[in-house]
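The listed protein sequences derive, respectively, from chains A and B.
Going by the UniProt record's numbering, the first sequence wraps up at 303, each residue one higher than the last.
Going by the UniProt record's numbering, the second sequence wraps up at 303, each residue one higher than the last.
Below is one structure, written out as C-alpha cells, with a few remarks after it.
There are 2 protein chains.
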Amino acid sequence: MNEFELTILGCGSARPSVRHLPSAQVLSYRGKLFMIDCGEGAQREFFRYGFNLNRVGHIFISHLHGDHCYGLIGFISTLILQGKTGELTIHAHNDLEKLLAPSLEYFCRSEVFKVIFSPLPVKGGIIYEDKSLQVTAFPLKHRVPSYGFRFDEKEKLPHIDKSAAEYYQIPLKELQAIKEGADYITPEGETIPNKKLVLPPSPSQSYAYCSDTIYTPRIVPFVKGVTVLYHESTYTEEYSEQAKDRYHSTAAQAADIARQAEVGTLILGHYSSRYKDEAQFLNEARPIFPNTLLSNEGMKFRF
Amino acid sequence: MNEFELTILGCGSARPSVRHLPSAQVLSYRGKLFMIDCGEGAQREFFRYGFNLNRVGHIFISHLHGDHCYGLIGFISTLILQGKTGELTIHAHNDLEKLLAPSLEYFCRSEVFKVIFSPLPVKGGIIYEDKSLQVTAFPLKHRVPSYGFRFDEKEKLPHIDKSAAEYYQIPLKELQAIKEGADYITPEGETIPNKKLVLPPSPSQSYAYCSDTIYTPRIVPFVKGVTVLYHESTYTEEYSEQAKDRYHSTAAQAADIARQAEVGTLILGHYSSRYKDEAQFLNEARPIFPNTLLSNEGMKFRF
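Structure, rendered in C-alpha cells:
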C-alpha cells in the first residue's frame, strides 16, 4: 500500500544555517528514486541515507535559485566517480543547461553516463510518465520562474475477488487477464462477466511539492486532493510582510492552501534561518489545517 | 605571538563521506581571513565558526577538482545575500573564470560587490602581498595542474630594549622610529646608535598548504622551514599503489616531506573516505616525523 517514501535531505532556505540544509528530497516509488531539488550538500545526504545511485534517473529542479540547485554539479560528479552508468534526466528551467554544461564538460566526463536536460514547459504539464506513475509540473509564483511538481500513481488494477475466484475455480494463470479486464469463460463455456470477479483497486496515492512561492490560490487546483503536500513556509505570521516582499509563504498560508485543496497531510519546510526552532510554524498552521507536520533532515514519510 | 589561526572546515577527499567534508580552510592573520580551497558546503562551516564575511578578501584554490572548488558559487552567493561589499579575489587556475563566470552572472549580481579572478602563474610565484604577509604559490604534481600555497610573515620590527630605553630616558613618541631603525639623539646631542636600543624581533611564522599531490621531493624547497605544514595524505601504506596511481600521497610520504623540509608541525588531511578512523595515518607518519597531527573539521591551530 505505502509505495511512496519521501526522504527530506534538506528543508532550510537560502541563508546557510547550522540547523538545516538547503532544499533537497528523494521520493522513492517502486524501486525508482526521484530527486526533487538539489541544494548544496545533497550528495552527502543522499549517501548518508544509503540510497542506491543506480536507482536515480530523474531530478526535478523547481527553480534556479542557488539553494535549490547548487548541489547538482557535486551530485553528478559523485555519481560518475561511483561508476553510475546510463542516463540522468534533469527537469529544470531552460537556463540550467547553459549554466551547468561548461562545468559538466570540464568536471564530469564519462563515456558511460549521460546527463540529459529536459526543459520544463513554460505553462507546466506532464513531464514524466511510466506505466504506474505520472509527474506534472505546475507554475508557482516567485521572483523567478518556479514550478511545483505533482506525482500521481496511475489508477491501479482491481483486486481479484478471492471468494468469486474460488467459487468459479479459476486457474491461477487466468488471474492477470481478469485483473486487466477480461471476462472468465468456464470449461463448460459459460461467460462470467469481469465485474463479478473483481473488487475496486487500492486508491492511488499522490504527492505534490510546492517550492518557493508567494501565497496564491491558483496553486489549489494543481494540488487538489493529493495524499501528501509539501508546501514552503519560509516565515511565521510575524514576518508576513517579508514573506510577501520576498515572494514566500507563511505557515498559515501553506495551511490555507492545504485546506482549500483538501489534501491528506501537509508538510511544512523551507524555513528561514532566523528561527531557532519551528514550533511556531505548527502553532500557526494547525488551527487552519490540523493534519500538518514539520519536515526535518532525515525524516521519512511513507504513503 | 600567535598571529596565525588556521581553522579546518573540511579535510575529506572527493568521495562524499559522513565523517568529513571536502577541502576548505580559513587562515586568519591580523584580522584578515584567507580561505584556502572551497569544497561543497564550505559556506555553512564558515558561518558555523562565526567568521566575519567582511574580513575575507582572498580565496586560494589549489586545483580544479570539484572537491576543492564546488563550494565557491554557494559561498559567493551567500556573501552577497549577507550584504558583503567590496571585492573578493579568487586565486586559481586560469580555467576557473570561464567555468564560474556564467553562474556568477546569473546567480550573483551585485552593484556593490565584485569577484576578481587572479590566475595562478603557471610556474608559481608571489601571488599576494601586504605590509606584513606574503603568499607564494608553488607547483605540486597531480592529475591536473595543482598548486601549494605558502604564507610567510614578513620580517617583523625589532623589540625595544626596555632597559636601554629607561637608561636613556627615551620619550614614548620616539619609540616607533627607533623600532623602524632610527638612532636616538639625546637632549644633550649625543647619538645613541639604533643597535644599542633594540632586541631581535620575534621570529616570523609561516604556513604551507600542500593539497593534492603525488609524493615528490621537489616540494621540499618550497615548504622549507615553515612553522606549520598541511600536507595531503589520502592513503595509508596499505594503499600506496593506489596513491601513486591516483597522484596522491600516503601519510608516510607526507611525513617524509615534513622531515626533509624541517618544518615545525605537520598536519595531515584529505583522507580517503574508505577509512573509518585515521589512527593508522598517525601510526605511519610519527616514526618518520614525530610532530605530526591529524586534522579534523572544526580544529583550530594557532602559531
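All C-beta atoms in this analysis are idealised placements derived from N, C-alpha and C, irrespective of residue type, glycine included.
- Residue environment for G71 of chain A: buried (at least 16 other C-beta atoms within 10 angstroms of its C-beta).
- Taken through DSSP and simplified to helix, strand or coil, Y239 of chain B comes out as helix.
- Residues of chain B with a Cβ closer than 8 Å to the Cβ of G66 of chain A are, in chain order, I73, G74, S77, F107.
- Close partners of F47 of chain A in chain B (Cβ separation under 7 Å): P16.
- Look at E40 of chain B: its C-beta is under 9 Å from a C-beta on chain A.
- Only exposed fits K173 of chain A, as fewer than 16 other CB atoms lie within 10 angstroms of its CB.
- Excluding the 5 residues flanking it on each side, A251 of chain B has same chain C-beta neighbours closer than 7 Å at S233, T236, L268, F281, E284, A285, in chain order.
- Non-local beta-carbon contacts of I170 of chain A in its own chain, meaning distances under 6 Å to residues more than five positions away in sequence, involve Y184 in chain order.
- Here D37 of chain B is buried: its Cβ has 16 or more other Cβ atoms, across all protein chains shown, within 10 Å.
- Annotation for P221 of chain B: the continuous alpha helix (DSSP H) segment containing it runs 220–223.
- Where Y29 of chain B is concerned, the enclosing beta strand (DSSP E) starts and stops at 24–29.
- Rounded to the nearest whole angstrom, the CA to CA distance from G66 of chain B to Y271 of chain A is 28 Å.
- In terms of beta-carbon proximity, K98 of chain B lines the interface with chain A, with at least one pair separated by less than 9 Å.
- Under the three-state reduction of DSSP output, R150 of chain B falls in the strand class.
- In terms of Cβ geometry, F4 of chain B and F151 of chain B form a close pair [threshold 9 Å].
- Neighbours of P102 of chain A in chain B, taken as residues at a C-beta separation under 8 Å, are given in chain order as K98, L99, P102.
- By the neighbour-count criterion, in which 16 or more other beta carbons inside 10 Å mark a residue as buried, L99 of chain B falls on the buried side.
- Contact between I61 of chain A and I90 of chain A is confirmed by a C-beta separation of about 6 Å, below the 8 Å threshold.
- Put simply, the CB of L268 of chain B is far from chain A, with every gap to its CB atoms at 9 Å or more.
- Under a criterion of Cβ atoms nearer than 8 Å, no residue of chain A is adjacent to R274 of chain B; the nearest Cβ is some 13 Å distant.
- Excluding its 5 nearest sequence neighbours in each direction, Y49 of chain A has C-beta neighbours in its own chain below 8 Å: T7, L9, V26, G298, listed in chain order.
- Taking a cut-off of 8 Å for Cβ pairs, the region 109–126 of chain A and the region 154–168 of chain A do not touch, as fewer than three such pairs fall below it.
- Any Cβ of chain A closer than 9 Å to the Cβ of Y70 of chain B would place that residue at the interface, and such an atom is present.
- The three-state secondary structure of P290 of chain A, taken from DSSP, is coil.
- A contact is defined here as three or more CB-CB pairs under 8 Å, and the region 94–111 of chain B fails this definition with respect to the region 18–32 of chain B.
- Per DSSP, reduced to three states, the secondary structure at K84 of chain A is coil, with no helix or strand assignment.
- Residue pairing by DSSP puts Q134 of chain B in a beta bridge opposite B:E129, B:D152.
- In terms of Cα proximity to V135 of chain A, the closest of A:Y207, A:F51, A:S273, A:T265 is A:Y207.
- For the region 18–74 of chain B, the full-length alpha helix (DSSP H) segments reaching 4 residues or more read 42–48, 66–69 along the chain.
- Taking C-alpha positions only, V228 of chain A is separated from D212 of chain A by approximately 17 Å.
- Taking the CA atoms as reference points, C11 of chain B sits about 29 Å from R274 of chain A.
- Within the same chain, F107, C108 come within 7 Å of S77 of chain A by CB-CB distance, once the 5 residues on both sides are set aside.
- By the rule that beta-carbons nearer than 9 Å mark a contact, D95 of chain B touches chain A.
- Within chain A, the C-beta atoms nearer than 7 Å to that of L81 of chain B come from A14, R15, in chain order.
- Residue nearest to K300 of chain B within the set B:A177, B:D95, B:F51, B:K224 is B:F51 (criterion: CA-CA distance).
- Residue range 95–107 is occupied by the alpha helix (DSSP H) that includes L104 of chain B.
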